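Notes follow the structure.
Residue numbers (our numbering): 37 to 111.
Below is the structure:
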């Protein structure tokens, strides 16, 4: 994982005990294509927050306020 913001987000998720999966879009072309399809852009990190009602929210960039709000945690 070369992206410094991706590393920071991964650390933040782990520190907040947030279950997460990582897709390496720099080495997996099918994952990169899916990311662009969902977001219309190629910037990383991209976080897809999945909700219990089966909806989701895409968060582009390591944005702690948006992540905290979407994940309903008080950081």
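Virtual Cβ for every residue (Gly too), placed ideally from N, Cα, C. Since this is a predicted model, take the numbers as computed values, not measurements.
* To do: Within the same chain, show all residues whose beta-carbon is closer than 6 Å to that of residue 61, passing over the 5 residues directly before and after it, in chain order.
  => Counting from 1 along the chain shown, the entry for residue 61 is found at position 25. Result list for residue 61: 67, 68 and 71, in chain order.
* **Unbroken beta strand (DSSP E) run spanning residue 82, endpoints** => Taking the first residue of the chain shown as 1, we reach residue 82 at position 46. Per DSSP, residue 82 belongs to the beta strand (DSSP E) from 82-86.
* To do: Indicate the three-state DSSP secondary structure (helix, strand or coil) for residue 66 in the structure shown.
  => On the chain shown, position 30 is the one that residue 66 refers to. DSSP places residue 66 in helix when its eight states are reduced to three.
* Let me know the secondary structure DSSP gives residue 92 once reduced to three states. => By one-based count along the chain shown, residue 92 stands at place 56. In this structure, residue 92 counts as strand in the three-state DSSP scheme.
* Asked: Below 8 Å between beta carbons: does that hold for residue 75 and residue 58?
  -> Numbered from its first residue, the chain shown carries residue 75 at position 39. Numbered from its first residue, the chain shown carries residue 58 at position 22. Not in contact: residue 75 and residue 58 (Cβ atoms no closer than 8 Å).
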